[in-house]
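All remarks here apply to the structure that follows.
Residue numbers (the numbering used here): 34 to 553.
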């Protein structure tokens, strides 16, 4: 993207952003407007439901020359708001500028009479920034609030000339279901490191069949920046990859909230000093984190008896330090506050944390991140986190129960962990679609056990890679896969359970274990 490699190596993400901005003319920047925010406006569309209002949206530049009837929306994706029971954001994309984009929504597919204007975010990438320069992307968002808990809604997205309520377009309608008001069994899925590929599409198709309530994407989402070092020198950057990714993902994300966390490949230096300006145009996530300006991918939400926390490990990564220290410690402080709150809540049994870089993994590529071990592992153990889900390493690996960097309890396939008294289990689920890495020990998974008492690996520290020999690598599977978690509530005093399964792209189960905790 235009910075000499030796210079980029010495620059933080913010410094690289300023370098790129200075390099391109003011006229070029004004032409596309970088990230332009529009608005949401509207009132009640179903009983008790409203859209969040903002400033008026201006018409797309050039929209007057487009026949909207010839332009179909694509790339629909959902995300919960701060309260998953009553808030949902519907996001989508159009390939060219259109007039008056909107969403229709209702409790029945034949009753979509309420129409609400959408928020417009245009994202311009000038010529010279990567492989796909001089390209404008148009993202639309509608934040919906005051929804009913546990309710299924029907919606359609459109614009002038393309109205999803018209009979010939009702096939474009989607649905979503808000989180329930009370504890009930549910399933969610998770993976990281997807990108655009046959395997990414295959995993999407397979996980849709699991009927998940929501999906967690643990970073490295689309790989528009294939180098993933947060460097402006990556000439392979191509913003158009996001168009392909959102089209690929739509089959699932149009009905399943697609809750993302940001990885190293999601830092794109042109758009903002923190590298996340492009992400903020494409996604609308809960804004209850510690610092939306610097860490827009840090947030939490609650579904039933389970609290989910998304973290940004770019803030603590020694291996890829482009954003190292960007929060000034506020992320870790906020994280502990969230853990304390959720552990004290009378209606929350499980706390699940997901993020990109691995605390514990034996991949020959990235292995373990010492910054995560230093900053967050003590908090996982102090507050008895029930499950930690990571990506970054393109394979499936699951640990034993770990406490104090050591095996607290061996957890064979089919075993049960009790985090209140034993320790934490970590799962790397980074084989969603990108090219696979390697292990230093043989694969060992359900039906193909090849266990090892010790495995050679390394951890990334502030002083570089440090070799280590570990005993906690329990399951290893080097092929495409994802994670399925079945959450089973229980009456107070009885054991609630997380039934965790690793599922291969073939549909075969490669791992399963249980996390049990006495219900409140």
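All C-beta atoms in this analysis are idealised placements derived from N, C-alpha and C, irrespective of residue type, glycine included.
With distance defined between alpha-carbon atoms, name the residue in the options nearest to residue i.
i, options, result
"residue 295", "321, 285, 346", "346"
"residue 161", "272, 507, 434", "272"
"residue 338", "499, 551, 154, 181", "551"
"residue 440", "446, 447, 432", "432"
"residue 384", "453, 524, 348, 235", "453"
"residue 191", "225, 395, 138", "138"
"residue 262", "293, 299, 526, 473", "299"
"residue 209", "121, 427, 99", "121"
"residue 425", "445, 394, 369", "394"
"residue 549", "535, 487, 528, 536", "528"
"residue 291", "507, 117, 447, 48", "117"
"residue 437", "333, 382, 455, 230", "455"
"residue 269", "163, 481, 123", "163"
"residue 145", "200, 340, 476, 46", "200"
"residue 589", "275, 512, 231", "The question about residue 589 has no answer here: the residues shown for the chain are numbered 34 through 553."
"residue 319", "311, 331, 505", "331"
"residue 392", "184, 489, 458", "458"
"residue 447", "422, 469, 468, 479", "479"
"residue 381", "388, 487, 373", "373"
"residue 238", "206, 404, 288, 212", "288"
"residue 418", "397, 443, 403, 386", "386"
"residue 322", "48, 309, 343", "343"
"residue 317", "158, 125, 516, 220", "125"
"residue 119", "136, 308, 212, 148", "212"
"residue 361", "341, 340, 327", "327"
"residue 509", "533, 515, 474, 502", "474"
"residue 399", "377, 423, 407", "423"
"residue 157", "356, 546, 305", "305"
"residue 375", "131, 341, 420, 315", "341"
"residue 464", "401, 47, 236", "236"
"residue 460", "241, 487, 390", "390"
"residue 2", "136, 172, 217", "Residue 2 is absent from the model: the chain starts at 34 and stops at 553."
"residue 545", "525, 483, 449, 526", "449"
"residue 352", "403, 368, 379", "403"
"residue 297", "354, 315, 136", "354"
"residue 420", "359, 533, 502", "533"
"residue 136", "176, 221, 248", "176"
"residue 99", "44, 168, 50, 194", "194"
"residue 498", "469, 401, 481, 413", "401"
"residue 44", "357, 483, 369, 536", "357"
Below 8 Å on the Cβ atoms is my contact criterion, and I expect residue i with residue j to pass it. Report the Cβ-Cβ distance as a whole number of Å.
i, j, result
"residue 152", "residue 174", "4 Å"
"residue 301", "residue 258", "5 Å"
"residue 189", "residue 198", "6 Å"
"residue 104", "residue 123", "Not confirmed; about 18 Å, so no contact."
"residue 187", "residue 142", "4 Å"
"residue 462", "residue 251", "7 Å"
"residue 214", "residue 183", "6 Å"
"residue 371", "residue 396", "So it is not a contact: roughly 29 Å between Cβ atoms."
"residue 246", "residue 219", "4 Å"
"residue 303", "residue 170", "With 8 Å as the limit, residue 303 and residue 170 do not qualify as a contact, their Cβ atoms being about 13 Å apart."
"residue 506", "residue 488", "5 Å"
"residue 467", "residue 308", "No, residue 467 and residue 308 are not in contact; Cβ-Cβ is about 19 Å, not under 8 Å."
Which partner residues does residue i have in the DSSP bridge list?
i, result
"residue 180", "Paired residue(s): none; residue 180 is not in a bridge."
"residue 262", "Answer is none; residue 262 lacks a bridge partner."
"residue 291", "248"
"residue 430", "461, 509"
"residue 158", "168"
"residue 326", "DSSP, once it has assigned bridges, lists no residue as partnering residue 326."
"residue 423", "461"
"residue 381", "None; residue 381 has no bridge partner."
"residue 547", "449, 532"
"residue 140", "Beta-bridge pairing links residue 140 to no other residue."
"residue 111", "123"
"residue 192", "195"
"residue 222", "248, 517"
"residue 228", "Its beta-bridge partners do not exist; DSSP assigns none."
"residue 207", "188"
"residue 173", "125, 153"
"residue 135", "150, 191"
"residue 369", "Beta-bridge pairing links residue 369 to no other residue."
"residue 402", "493"
"residue 341", "334, 385"
Any Cβ of chain C within less than 7 Å of the Cβ of residue i?
i, result
"residue 362", "In summary, chain C is missing from the structure at hand, where a single protein chain is found."
Handout entry: Runs of beta strand (DSSP E) lying entirely within the stretch 467–528, each at least 3 residues, in chain order
Key = 488–494, 497–503, 506–510, 514–521
Problem - the stretch 533–542 contacting the stretch 489–505, beta-carbon criterion three pairs below 8 Å - result: no
Exercise for the section: Report yes or no: do the stretch 105–121 and the stretch 281–288 share at least 3 C-beta pairs separated by less than 8 Å? Expected result: Three or more Cβ pairs closer than 8 Å define a contact, and the stretch 105–121 meets that threshold against the stretch 281–288.
Problem - Stretch pair the stretch 348–365 + the stretch 501–521: three plus CB contacts closer than 8 Å - result: no
Problem - Uninterrupted beta strand (DSSP E) stretches inside the stretch 271–319 (no shorter than 3 residues) - result: 291–293
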